[in-house]
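Novice: Sequential numbering from 0 applies to the sequence shown in numbering that gives the first Met the number 0.
Heads up, the beta-carbon is just placed ideally off N, CA and C, and yes, glycines get one too.
Model, not experiment: these values are computed from the prediction.
Next up is a structure, given as structure tokens.
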Amino acid sequence: MRKALLGLYTYAEFGLFTAVFLPTMGVAWALHRGDPLQRVPGRWMRRYGRVTSDCTPLWKFSVEGQPPADIHDEAYVVISNHESTADPFLLAHLPWDMRWIGKDEIRKLPVLGWIMKFGGDMSVKRGDGESVRAMMKEALATLRRGLPIMIFPEGTRSPDGNLLPFKDGAFHLAIAAQVPVLPVAISGTRDCRPKGSKWFGEARAIARVLAPIPPQG
Numbered sequence: 000m001r002k003a004l005l006g007l008y009t010y011a012e013f014g015l016f017t018a019v020f021l022p023t024m025g026v027a028w029a030l031h032r033g034d035p036l037q038r039v040p041g042r043w044m045r046r047y048g049r050v051t052s053d054c055t056p057l058w059k060f061s062v063e064g065q066p067p068a069d070i071h072d073e074a075y076v077v078i079s080n081h082e083s084t085a086d087p088f089l090l091a092h093l094p095w096d097m098r099w100i101g102k103d104e105i106r107k108l109p110v111l112g113w114i115m116k117f118g119g120d121m122s123v124k125r126g127d128g129e130s131v132r133a134m135m136k137e138a139l140a141t142l143r144r145g146l147p148i149m150i151f152p153e154g155t156r157s158p159d160g161n162l163l164p165f166k167d168g169a170f171h172l173a174i175a176a177q178v179p180v181l182p183v184a185i186s187g188t189r190d191c192r193p194k195g196s197k198w199f200g201e202a203r204a205i206a207r208v209l210a211p212i213p214p215q216g
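In structure tokens form, the structure reads like this:
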């Protein structure tokens, strides 16, 4: 009974904050459409992620590890394992600006697609060479302007928590831009919302920032 009540509360809380944040995010996106880095829209999206996840009693999120000292001024290709739809809410607690690359299917969804668009993120249609090339061009331009890019190199959520094979796009970007790869290890989010589940689970989750990997060699 307790879990059901907390789940209903969490659905209501997420709905409320989405209704509050989405118009503001839309205005921020409209005002900064000409900004190639989309810093302000991205910050609003991370605020939304932090507030919604911090206000549910079911989830307890934390960040461990020290980011590179120059993360606010230099570009990195940030990569993470992908366990759950809760992952972006956990990663919203990372204390630096970055643009995300997500699946084009998400951008076509109501609400989630609007959040992705208004956050200034990039999308790619898997298997579409033209879409991949356009995304790589935009991502490379973003990195060369000094802003980190965030990618899930598995390409999709793991169904059982085991790491899936990595796709190589993130590493091609790092080599092309000659910027380090910054790994972030996620644990615990699978219990927040497993793949295929429509319900919220109770969990503690951690995003652990690891040492950057230089592109040389």
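In its own chain, which residues sit with a C-beta less than 6 Å from the C-beta of residue 43, not counting the 5 before and 5 after it?
Specialist: 24 and 27.
Novice: Below 8 Å on the Cβ atoms is my contact criterion, and I expect residue 205 with residue 186 to pass it. Report the Cβ-Cβ distance as a whole number of Å.
Specialist: Yes, residue 205 and residue 186 are in contact; Cβ-Cβ is about 5 Å, under 8 Å.
Novice: For the alpha helix (DSSP H) that residue 115 lies in, which residues bound it at each end?
Specialist: Run containing residue 115: 111-117, per the alpha helix (DSSP H) assignment.
Novice: Could you check whether the region 82-102 touches the region 28-48, counting it as contact only if at least three pairs of C-beta atoms, one from each stretch, sit closer than 8 Å?
Specialist: Yes, the region 82-102 is in contact with the region 28-48.
Novice: What would DSSP say about residue 181, mapped onto helix, strand or coil?
Specialist: Note: residue 181 maps to strand in three-state DSSP.
Novice: Which same chain residues end up closer than 8 Å to residue 116 when comparing Cβ atoms and leaving out the 5 residues on each side of it in sequence?
Specialist: Excluding residues within five positions, the ones whose Cβ falls inside 8 Å are 28 and 106.
Novice: Based on the DSSP output, what are the partners of residue 201 in its beta bridges?
Specialist: DSSP output for residue 201 lists no bridge partner at all.
Novice: Which class does residue 63 belong to by DSSP, given the choice of helix, strand or coil?
Specialist: It is a strand residue.
Novice: Going by CA-CA distance only, name the one from 66, 67, 80 and 151 that's closest to residue 101.
Specialist: Comparing Cα positions, the closest option is 151.
Novice: State the DSSP-derived secondary structure class of residue 210, mapped to helix, strand or coil.
Specialist: The answer is coil: DSSP assigns residue 210 none of H, G, I, E or B.
Novice: In the structure shown, what three-state DSSP assignment does residue 78 receive?
Specialist: Residue 78 falls in the strand class under three-state DSSP.
Novice: Please say whether residue 180 and residue 170 have beta carbons closer to each other than 8 Å?
Specialist: For residue 170 and residue 180, yes; Cβs fall inside 8 Å.
Novice: Under 8 Å Cβ to Cβ from residue 111, same chain only, skipping five residues before and after it: list those, please.
Specialist: Cβ neighbours of residue 111 beyond the five flanking positions: 105.
Novice: Taking DSSP as the reference, what is the three-state secondary structure of residue 101?
Specialist: Residue 101: strand per DSSP, three-state reduction.
Novice: Where does residue 70 sit, in a helix, a strand or coil, going by DSSP?
Specialist: Coil at residue 70, not helix or strand.
Novice: Going by DSSP in three states, residue 157 sits in which element: helix, strand or coil?
Specialist: DSSP places residue 157 in coil when its eight states are reduced to three.
Novice: Per DSSP, residue 150 forms a beta bridge with which residues?
Specialist: Its beta-bridge partners are 78.
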